[in-house]
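Here is the structure we will look at, set down as structure tokens.
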Amino acid sequence: MTGGANDDVLVSIEGLHKWFGSNHVLQDINFTVDRGEVVCVIGPSGSGKSTLLRCINLLERPQHGAIVVRGENLVDPDCDIDAARRHIGMVFQQFNLFPHHTALDNCTVAPMTVLGMKRVRAQQVARDNLERVGLLDKVDALPAKLSGGQQQRVAIARALSMGPDLMLFDEPTSALDPELVGEVLSVMRKLADSGMTMIVVTHEMAFAREVADRVVFMDGGGIIEQGSPDAVIGAPREERTRNFLRRVLNPIGASPA
Amino acid sequence: MSDGSALRTRRRLSPRRRAQRIRAVQYVVLVVGAVCAAFFADWPTIGRSFFDPHLIVYTVLHGFASALWNTVAYTAGAFVLGLMAGTLLALMRLSDVAPYRWLATIYIEFFRGLPALVVFMAFSLLPLAFSGLTMPWSPYGTAWAALGIVGSAYMAETIRAGIQAVPRGQVEAARSLGMSAAQAMRKIALPQAFRIMIPPLTNELIMLIKDSSLVFIVGLSASNFDLTKFGRAMANTNVNITPLVVAGLGYLLITLPLSILVRRMESSTEKGR
């Protein structure tokens, strides 16, 4: 841990800048997440929220700034990124399950390869996590045999099997049929209730409102406003936030922007 | 007016009738062709010089098995060698280090453009160019090296395309679970890439089987004859084409079960997609 600052801070981002070519997608992001906190990041598409999330486990490398997770600056060229990622679970919009492995093997392959866990032990951990997401009856199923909601729950179990301190969710329900969204959100809610630190990029305003400790609104590559869900979603101060929420919460009534 | 009547006559044929008529024409053409062949071909001569029953038995009993085995051995060794070298070349082509990419590209372009015959000739001349140089396990070693070099150039491109066909999210998921780049490649990307590559790799294996007929260039003793060389030698001594036909059937004996096996593998991996 870095001395001085709050020991409860798990993620600390300072002066983050990211360009794709000449496109300045992240413009001076500063933000921290405490241990056990659930942060929902909302904002229009192209606002940089997914890029910010992907920077936190360095799937995208920023050109400028610091990303400190568990006291370690990931941007430092001497940082062992593979070791750091063991503590950061990631759930993708497209699930990205390994199609040639069963649900169980999806959850055991990383603990066995990366942590050198014995098969029996890894399978035990995997079963525990598949039970947590309510899929103990699907351990032997290949991903192709599972519904989108089930696949995403396996993906959550897979990330949990590494025993992470932090879970990142990149629009986890955006690729799902509407009737399957609920099962994934309820698993995420249970995870939040168990004390997991979570950063969730989402368009699910109801989830953000009920589960998040803090909501961050991003637009144009910057954080426009953040605060409690009631403040940001219930009584937004910024015009851009109000505009966005109006379009999301009342998609038919809003005039084309 | 005339347009209208033409339309009407065409319309009179229902789609079903039309299909029946087309089918009938196809069968008539087939039957006419068969009848022509039956009348105009000199069947007794064809039978004697292509399918002489005594010669078939003689050929099968005198060295066919060993020739079949040799063809399989030349091809299998070359395929394994080509697959390993091809994977290495594919990884070099995808490397971040530019000189590796250049080297692999030069190798692939050079040996893909070269007839396998020329490579075999080069290998048969090696002992002349470097006196005292001998390939191990000759002639197998020579055949494996020559065929493997040609095969690896083709396979490298297939393998590279296979690796690139694995969705980027797969490697991202593996890396975000803490796997190193090498682990993600070995455990996640390559197994999926090889599934994608089964059909094109089979094609390359079949091409290698046929190219193995070029081993005669390096000079073989009778016990090392492959199917083609064996069939040709037998055909020459007997002044009859039958042994070559037998040798040709020998190739089918290898490639047909292979095709069936691969089709089965494809349908079973389809479930894992």
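Chains as they are written, first to last, in our numbering: chain A, 1 to 257; chain B, 1 to 273.
For glycine and all other residues, C-beta sits at the position ideal for the given N, C-alpha and C.
From a predicted model like this one, the values you see are computed outputs, not experimental measurements.
Where the alpha helix (DSSP H) containing residue i begins and where it ends
{"i": "phenylalanine 123/B", "result": "116–129"}
{"i": "asparagine 236/B", "result": "227–238"}
{"i": "cysteine 55/A", "result": "49–56"}
{"i": "valine 171/B", "result": "168–176"}
{"i": "glutamine 20/B", "result": "15–40"}
{"i": "serine 49/B", "result": "43–50"}
{"i": "aspartate 96/B", "result": "That residue, aspartate 96/B, is in no alpha helix (DSSP H); it is neither H nor E in DSSP."}
{"i": "glutamine 94/A", "result": "Taken as a continuous stretch (DSSP letters only), glutamine 94/A belongs to no alpha helix (DSSP H), as it is neither H nor E."}
{"i": "histidine 54/B", "result": "53–59"}
{"i": "lysine 210/B", "result": "190–211"}
{"i": "aspartate 140/A", "result": "First-last for aspartate 140/A: undefined, no H or E at that position."}
{"i": "leucine 160/A", "result": "148–160"}
{"i": "valine 218/B", "result": "Segment: none, valine 218/B is in no alpha helix (DSSP H) and carries neither H nor E."}
{"i": "asparagine 258/A", "result": "With chain A covering 1 to 257 only, the question about residue 258/A has no answer from this structure."}
{"i": "proline 111/A", "result": "103–114"}
{"i": "leucine 130/A", "result": "119–132"}
Residues bridged to residue i [DSSP beta-bridge criterion]
{"i": "methionine 167/A", "result": "Gly89/A and Met198/A"}
{"i": "tryptophan 19/A", "result": "His24/A"}
{"i": "cysteine 40/A", "result": "Val200/A and Val215/A"}
{"i": "glutamate 72/A", "result": "Val69/A"}
{"i": "threonine 32/A", "result": "Ser12/A"}
Nearest neighbour of residue i, chosen from the options [CA to CA]
{"i": "glycine 43/A", "options": "Gly253/A, Arg242/A, Asn250/A and Ile252/A", "result": "Arg242/A"}
{"i": "valine 216/A", "options": "Val25/A, Cys40/A, Asn30/A and Ile29/A", "result": "Cys40/A"}
{"i": "arginine 48/B", "options": "Ser268/B, Val245/B and Ile254/B", "result": "Val245/B"}
{"i": "asparagine 224/B", "options": "Ala73/B, Val28/B and Val31/B", "result": "Ala73/B"}
{"i": "asparagine 236/B", "options": "Leu55/B, Arg23/B, Tyr27/B and Val31/B", "result": "Leu55/B"}
{"i": "isoleucine 159/B", "options": "Gly132/B, Val150/B and Leu190/B", "result": "Leu190/B"}
{"i": "threonine 228/B", "options": "Ala104/B, Leu91/B, Ser212/B and Ala19/B", "result": "Ser212/B"}
{"i": "valine 166/B", "options": "Val150/B, Ile149/B and Arg195/B", "result": "Arg195/B"}
{"i": "arginine 195/A", "options": "Glu204/A, Val211/A and Val184/A", "result": "One detail in the question is off: residue 195/A reads as glycine in this sequence, not arginine. Taking only the C-alpha atoms, the option nearest glycine 195/A is Val211/A."}
{"i": "arginine 168/B", "options": "Gly178/B, Met185/B and Ala153/B", "result": "Met185/B"}
{"i": "alanine 144/A", "options": "Asn23/A, Phe95/A, Arg237/A and Arg70/A", "result": "Phe95/A"}
{"i": "threonine 197/A", "options": "His24/A, Asp76/A and Val33/A", "result": "Val33/A"}
{"i": "alanine 122/B", "options": "Ile217/B, Tyr100/B and Ala104/B", "result": "Ile217/B"}
{"i": "glycine 141/B", "options": "Phe120/B, Leu177/B and Trp102/B", "result": "Phe120/B"}
{"i": "valine 11/A", "options": "Arg240/A, Asn23/A and Val69/A", "result": "Val69/A"}
{"i": "leucine 16/A", "options": "Ser22/A, Gly65/A and Arg54/A", "result": "Gly65/A"}
{"i": "glycine 71/A", "options": "Arg35/A, Pro99/A and Met218/A", "result": "Arg35/A"}
{"i": "valine 60/B", "options": "Pro115/B, Val29/B and Gly250/B", "result": "Gly250/B"}
{"i": "phenylalanine 92/A", "options": "Lys118/A, Ser45/A, Asp213/A and Gln151/A", "result": "Gln151/A"}
{"i": "glycine 221/A", "options": "Asp8/A, Val9/A, His24/A and Phe20/A", "result": "His24/A"}
{"i": "threonine 173/A", "options": "Leu191/A, Lys190/A, Val200/A and Pro77/A", "result": "Val200/A"}
{"i": "leucine 208/B", "options": "Tyr58/B, Arg17/B, Ala145/B and Val28/B", "result": "Ala145/B"}
{"i": "glutamine 170/B", "options": "Ala247/B, Arg17/B and Gln192/B", "result": "Gln192/B"}
{"i": "phenylalanine 110/B", "options": "Tyr154/B, Ala98/B and Pro127/B", "result": "Tyr154/B"}
{"i": "methionine 205/A", "options": "Ala126/A, Glu239/A and Arg247/A", "result": "Arg247/A"}
Range covered by the beta strand (DSSP E) that runs through residue i
{"i": "tryptophan 144/B", "result": "It is not in any beta strand (DSSP E) - tryptophan 144/B instead sits in the alpha helix (DSSP H) that spans 140–165."}
{"i": "proline 67/A", "result": "What sits at residue 67/A in the sequence shown is isoleucine, not proline. It spans 64–69 - the beta strand (DSSP E) in which isoleucine 67/A sits, taken as one unbroken run."}
Contact under 9 Å by Cβ, residue i with residue j
{"i": "methionine 167/A", "j": "isoleucine 224/A", "result": "no"}
{"i": "threonine 202/A", "j": "aspartate 140/A", "result": "no"}
{"i": "threonine 87/B", "j": "alanine 156/B", "result": "yes"}
{"i": "asparagine 30/A", "j": "isoleucine 56/A", "result": "no"}
{"i": "leucine 136/A", "j": "leucine 142/A", "result": "no"}
{"i": "asparagine 106/A", "j": "leucine 115/A", "result": "no"}
{"i": "alanine 155/A", "j": "alanine 173/B", "result": "yes"}
{"i": "serine 124/B", "j": "glycine 63/B", "result": "no"}
{"i": "glycine 151/B", "j": "alanine 78/B", "result": "yes"}
{"i": "threonine 108/A", "j": "glutamine 123/A", "result": "yes"}
{"i": "proline 178/A", "j": "arginine 86/A", "result": "no"}
{"i": "glycine 48/A", "j": "leucine 26/A", "result": "yes"}
{"i": "glycine 149/A", "j": "leucine 180/A", "result": "yes"}
{"i": "proline 111/A", "j": "serine 50/A", "result": "no"}
{"i": "aspartate 226/B", "j": "alanine 67/B", "result": "yes"}
{"i": "valine 262/B", "j": "threonine 202/B", "result": "yes"}
{"i": "alanine 85/B", "j": "glycine 148/B", "result": "yes"}
{"i": "alanine 104/B", "j": "leucine 89/B", "result": "yes"}
{"i": "aspartate 289/A", "j": "serine 180/B", "result": "Since the first and last residues shown for chain A are 1 and 257, residue 289/A lies out of range."}
{"i": "proline 236/A", "j": "leucine 245/A", "result": "yes"}
{"i": "threonine 255/B", "j": "isoleucine 206/B", "result": "yes"}
Any non-hydrogen atom of the ligand FAD within 8 Å of residue i CB
{"i": "valine 33/A", "result": "In terms of ligand content, the structure shown is empty, and the ligand FAD therefore cannot be addressed."}
Minimum length 4: unbroken alpha helix (DSSP H) runs contained in the segment 174–241 of chain A: 178–193 and 205–211
Compile a chain-ordered list of the residues in the segment 186–218 of chain B whose CB is closer than 8 Å to at least one CB of chain C. Absent from the structure: chain C. Protein chains present are A and B.
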